[in-house]
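Have a look at the structure below before the remarks.
The structure is reproduced here in structure tokens:
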């Protein structure tokens, strides 16, 4: 970890992969933050940077001197809890409206943001069931790519439609979550998504 840290400049984040251990190393002006993780996500990179920034901001004066008693940093736990709370958010009210409307529809999934954990998986046809893992990885990459483009262009598309081989994938951005549906007919899927939004009282995205 120290050898990697010595090579870092400019507050970047590097990942150390060793056996089952994964460590994000984020460089601040005075400190290094080590974030031990069991999954990869660009959001975790942001969190590692945020921890370094918030810590140095809170303890700016203390970090300019030798620190005989590290217990002075103990109150930072409160800030850490707030930072981690940004990662894991599930909109229970939204899901309570949404899930009853999709339980009978094939190939629907719901992912929370920003970590893109799957929080709902409905009935599958045989093809999607066979390639479920590959589809989920592909969809998560699409969600992350769309998020990156949104940050760079400041354009906030509510719906993305991807035709992949003989399948159509729709990603519907619901704010705190993303609904996805896979099928063969583009127009049929769009109509299903519109009906889901309407029945769940969410309005219709016109695209």
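Residue numbers (my numbering): -19 to 187.
A virtual CB, placed ideally from N, CA and C, is assigned to each residue, including glycine.
How far does the alpha helix (DSSP H) with residue i in it extend, from its first residue to its last?
i: residue 110; result: 106 to 110
i: residue -3; result: Careful: residue -3 lies outside any alpha helix (DSSP H), inside the beta strand (DSSP E) at -7 to -2.
Which residues in the same chain have their Cβ closer than 6 Å to the Cβ of residue i, if we skip the five residues on either side of it in sequence?
i: residue 78; result: 180
i: residue 67; result: 95
i: residue 216; result: Here the chain has residues from -19 to 187 only, and residue 216 is not among them.
i: residue 60; result: none
Starting from residue i and walking both ways along the beta strand (DSSP E), at which residues does that stretch end?
i: residue 33; result: That residue, residue 33, is in no beta strand (DSSP E); its alpha helix (DSSP H) goes 22 to 38.
i: residue 153; result: 147 to 153
i: residue 3; result: 1 to 7
Just to confirm my understanding: we take residue i, look at its own chain, exclude 5 residues before and 5 after, and list those with CB closer than 8 Å. What are they?
i: residue 192; result: Outside the shown range of the chain, which is -19 to 187, sits residue 192, and nothing can be said about it.
i: residue 146; result: 164
i: residue 8; result: -9, 32, 33, 35, 36
i: residue 27; result: 15, 63, 64, 66, 67
Between residue i and the rest of its own chain, which residues show a CB-CB distance below 7 Å, the 5 nearest in sequence each way excluded?
i: residue 18; result: 2
i: residue 42; result: 52
Within 9 Å of any Cβ in chain D, is that where the Cβ of residue i sits?
i: residue 167; result: Protein chain content of the structure displayed is limited to a single chain, and chain D is not contained in it.
Less than 8 Å between the CB atoms is what I'm expecting for residue i and residue j, so what's the real figure, rounded?
i: residue 38; j: residue 56; result: 6 Å
i: residue 73; j: residue 176; result: Contact flag wrong, Cβ pair sits at about 16 Å.
i: residue 46; j: residue 90; result: No, residue 46 and residue 90 are not in contact; Cβ-Cβ is about 51 Å, not under 8 Å.
i: residue 99; j: residue 110; result: With 8 Å as the limit, residue 99 and residue 110 do not qualify as a contact, their Cβ atoms being about 22 Å apart.
Buried or exposed, going by whether 16 or more other CB atoms sit within 10 Å of the CB of residue i?
i: residue 48; result: exposed
i: residue 115; result: buried
i: residue 153; result: buried
Tell me the start and end of each unbroken alpha helix (DSSP H) in the stretch 83 to 131 that is at least 4 residues and wholly inside, in chain order.
-> Within the stretch 83 to 131, the complete alpha helix (DSSP H) segments of 4 residues or longer fall at 106 to 110, listed in chain order.
Pick out the complete alpha helix (DSSP H) segments inside the stretch 39 to 68, 4 residues or longer, and give them in chain order.
-> You should have 40 to 43, 56 to 65.
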